[in-house]
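J.: Be aware that the sequence shown starts at 1, since it is given in the UniProt record's numbering, and climbs by one per residue.
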Amino acid sequence: MAAAAALARLAAAFLLLMVQVALLSHKDVLDVFKTFGRAVRVALYAPSEPLLDYNMVIIFIMAVGTVALGGYWAGSRDVKRRYMKHKRDDGPDKQEDEAVDVTPVMTCVFVVMCCSMLVLLYFFYDHLVYVIIGIFCLASSTGLYSCLSPLVQRLPFGKCRIWDNSLPYFHKRPQVRMLLLALFCVAVSVVWGVFRNEDQWAWVLQDALGIAFCLYTLKTIRLPTFKACTLLLLVLFVYDVFFVFITPFLTKSGNSIMVEVATGPTNSATREKLPMVLKVPRLNASPLALCDRPFSLLGFGDILVPGLLVAYCHRFDVQVQSSRVYFVACTVAYGIGLLVTFMALALMQRGQPALLYLVPCTLITSGGLALWRRELGMFWTGSGFAKDPPQPSWALASAEGPQPLRDAEATQPQQPQPSELAEPEDAAGVSPQDPTSPAHCAPDPAGLPGASA
Numbered sequence: 001m002a003a004a005a006a007l008a009r010l011a012a013a014f015l016l017l018m019v020q021v022a023l024l025s026h027k028d029v030l031d032v033f034k035t036f037g038r039a040v041r042v043a044l045y046a047p048s049e050p051l052l053d054y055n056m057v058i059i060f061i062m063a064v065g066t067v068a069l070g071g072y073w074a075g076s077r078d079v080k081r082r083y084m085k086h087k088r089d090d091g092p093d094k095q096e097d098e099a100v101d102v103t104p105v106m107t108c109v110f111v112v113m114c115c116s117m118l119v120l121l122y123f124f125y126d127h128l129v130y131v132i133i134g135i136f137c138l139a140s141s142t143g144l145y146s147c148l149s150p151l152v153q154r155l156p157f158g159k160c161r162i163w164d165n166s167l168p169y170f171h172k173r174p175q176v177r178m179l180l181l182a183l184f185c186v187a188v189s190v191v192w193g194v195f196r197n198e199d200q201w202a203w204v205l206q207d208a209l210g211i212a213f214c215l216y217t218l219k220t221i222r223l224p225t226f227k228a229c230t231l232l233l234l235v236l237f238v239y240d241v242f243f244v245f246i247t248p249f250l251t252k253s254g255n256s257i258m259v260e261v262a263t264g265p266t267n268s269a270t271r272e273k274l275p276m277v278l279k280v281p282r283l284n285a286s287p288l289a290l291c292d293r294p295f296s297l298l299g300f301g302d303i304l305v306p307g308l309l310v311a312y313c314h315r316f317d318v319q320v321q322s323s324r325v326y327f328v329a330c331t332v333a334y335g336i337g338l339l340v341t342f343m344a345l346a347l348m349q350r351g352q353p354a355l356l357y358l359v360p361c362t363l364i365t366s367g368g369l370a371l372w373r374r375e376l377g378m379f380w381t382g383s384g385f386a387k388d389p390p391q392p393s394w395a396l397a398s399a400e401g402p403q404p405l406r407d408a409e410a411t412q413p414q415q416p417q418p419s420e421l422a423e424p425e426d427a428a429g430v431s432p433q434d435p436t437s438p439a440h441c442a443p444d445p446a447g448l449p450g451a452s453a
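1. Comparing alpha-carbon positions, which option in N255, C361, G367, V176 lies nearest F243?
2. Tell me, to the nearest whole angstrom, how far the beta carbon of L356 is from that of F195; I am working on the premise that it is less than 8 Å.
3. Could you tell me the alpha carbon to alpha carbon distance between Q175 and P156, rounded to whole angstroms?
4. What are the boundary residues of the alpha helix (DSSP H) that includes K252?
5. Out of Q349, F123, P150, L234, which one is the CA nearest neighbour of N267?
6. Measure from the alpha carbon of I303 to the alpha carbon of each residue in L215, Q352, R282, then state which is nearest.
7. Exposed or buried, what is H314 when buried is set at 16 or more other beta-carbons lying within 10 Å of its beta-carbon?
8. Keeping to the same chain, check which residues put their C-beta closer than 6 Å to that of F226; ignore five residues upstream and five downstream.
9. Please name the residue or residues paired with D299 in a DSSP beta bridge.
10. May I ask you to report which of helix, strand or coil DSSP gives V100?
11. Under a Cβ-count criterion, where at least 16 other Cβ atoms within 10 Å of its own Cβ denotes burial, should R271 be classed as buried or exposed?
12. Give me the Cα-Cα distance between L371 and P360, rounded to the nearest whole angstrom.
13. According to DSSP, is R315 part of a helix, a strand, or is it coil?
14. List the whole-angstrom C-beta distance separating Y334 from V64, where the pair is believed to meet the contact cut-off of C-beta under 8 Å.
15. Buried or exposed for P275, going by 16 or more other Cβ atoms inside 10 Å?
16. Which of helix, strand or coil does DSSP assign to Q175?
17. Output the distance between the C-alpha atoms of K219 and L209, rounded to the nearest integer angstrom.
18. For my contact list, L118 and Y145 are in at a C-beta cut-off of 8 Å; report their separation, rounded to the angstrom.
19. Under three-state DSSP, which class holds S48?
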C-alpha cells in the first residue's frame, strides 16, 4: 500500500506539472527531490557517464594513422609522378591517376558547395540523406580499390586478361585479378549499404570504407603550395566554427546546424545517419546501452583537411631532403590538436568543431618550423619543387605500395670498358659476346607484369 501510495503521489505530481517523460536525467532527479522532498520513492533517471570513453583511443589511432599513411603515400606518389611524367604509359594496366591541384577558385567553390549542402541537409534531411549514402557507397568502393590494388598486383596468379571486346572499360582487357578486386570492393560497399543500420557490426565496415575513401582522397587531391594550404584550412576553420558555435543563435531549436546534421535530426522520419564519419560505439558499460547504443563520431573533414597539409609537408621534405622533418612535425601536431579536441569535448560536454584546434596546431607548427629552418619563402610558394627532381630509391616502391622489382628494372646496363669498345658489334650496336647487354638480359615484354598481351 505504501508503495502504491508513493506511485500515486509521483503520478499526481507529474500530471500536475504536465511533464510526460520516460527517462529523467540525474539533474532532473535532483530537481524532483528538491521540489517534492525525499518522500518520492520511485523515479526514472539517467546514470552519470564518464567524461571520456575508451573508444576515443580507437578514434585517435584511426585518425592519426590515416593522416600519416595518406600523407606519406600522397607525397611519395607525387615524387614518382614528377619523375616519370616524361614517360607516357597508355597501356591497359595504367593505374596512375592524375593528381588534382587545388586552386584558390576551387577552394572558394568547394566551401560554397559545403555550406549549401549543409543547409540543404538541415532542411531536407530525409530526402538528401539517401543521396549522400549513395555517393559514399560509390566513392568508398573506388577508394578501397585504389588502396588494395598495389597488394593484389603482388599476387603471383590471376595475371591473364579477359578476351577482346568493345565494351567501354573492358576493351582495355584488364587482368582477371583486378576485375575480381573491383567486384569485391563493390560487394563490400553494397553489403554496408544494405546492413548500414546494424549497430553491432556495420560500423566496422563503415570505418574501413571511410578510411579507404580518405586515403584515396589524400592521394588524389594535391595542394601545390603552403599558401594554398593556409587558404583552405583558414576558410574551413571559419566554416566549422560558424556552423557549430554561431548557428545555434539562428535556429529555432537552439541547436547547431553542424551537430544536427552530423548526428541526425531528432525529428527525422527515416532515422538515417550520414556515413561521412568515423564512428566507434561507447566501450564503457552503461545501462543506457540497453535502450540505444551511443557512438562517438569524427567527421571525414577533420581528417582530410589537415591531411592535405601533411601530404604537402612530405612532398616538400623529399624535395629539400630534410629527412621528413616537416612530415613528422605536422603529423605530431595533428595528434596533439586531436587530443586537445577530446579534452574540449570532455570539458564542455557538447559537440566541438575539431578544426578549431587542428588548424592552428598544424599551421603554426609547419610554418614555424619553416621559419626556424629559414625555408619559409620556399615553403610558402612551393619553389623548392624542381621540375625534374632526383628520384630517391624508396619513392618508386612506396608510391604505389610495396611492389617487387621487375626484371627489366633490376638489370642495369653496364658502362662499356675501354677493352670492350673494340669488340665487333651487330647491326643493332650491341656486342653479341656481352651476356649482360640489354639484348640478352631484357625479358620478353609479354612476360612482364603490366605489359600488353
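Every residue gets a Cβ at the ideal spot worked out from N, C-alpha and C, and that includes glycine.
T.: The short version:
1. Measuring from the Cα of F243, the nearest candidate turns out to be N255.
2. L356 to F195, Cβ: 35 Å. No contact.
3. Linking Q175 to P156 through their CA atoms gives a straight-line distance of about 12 Å.
4. Taken as a continuous stretch (DSSP letters only), K252 belongs to no alpha helix (DSSP H), as it is neither H nor E.
5. Closest by alpha carbon: F123.
6. Among L215, Q352, R282, the Cα nearest to that of I303 belongs to L215.
7. In the assembly as shown, H314 is a buried residue. Its beta-carbon has 16 or more other beta-carbons within 10 Å.
8. The residues are F379, W380.
9. Position check: residue 299 holds Gly in this sequence, whereas Asp was assumed. In the DSSP output, where bridge partners are listed per residue, G299 has V277.
10. In the structure shown, V100 sits in a strand (DSSP, three-state: E or B).
11. Counting Cβ neighbours within 10 Å, R271 comes out exposed, since fewer than 16 surround it.
12. Using only the alpha carbons, I get a separation of about 16 Å.
13. Three-state result, R315: helix.
14. Between Y334 and V64 the beta-carbon gap is near 6 Å, inside 8 Å, which marks them as a contact.
15. Counting C-beta atoms within 10 angstroms of its own C-beta, P275 has 16 or more neighbours from the protein chains shown and is therefore classed as buried.
16. In this structure, Q175 counts as strand in the three-state DSSP scheme.
17. Computed Cα separation, rounded: 15 Å.
18. A Cβ-Cβ distance of about 29 Å is found for the pair L118 and Y145, leaving them out of contact under the 8 Å criterion.
19. Coil.
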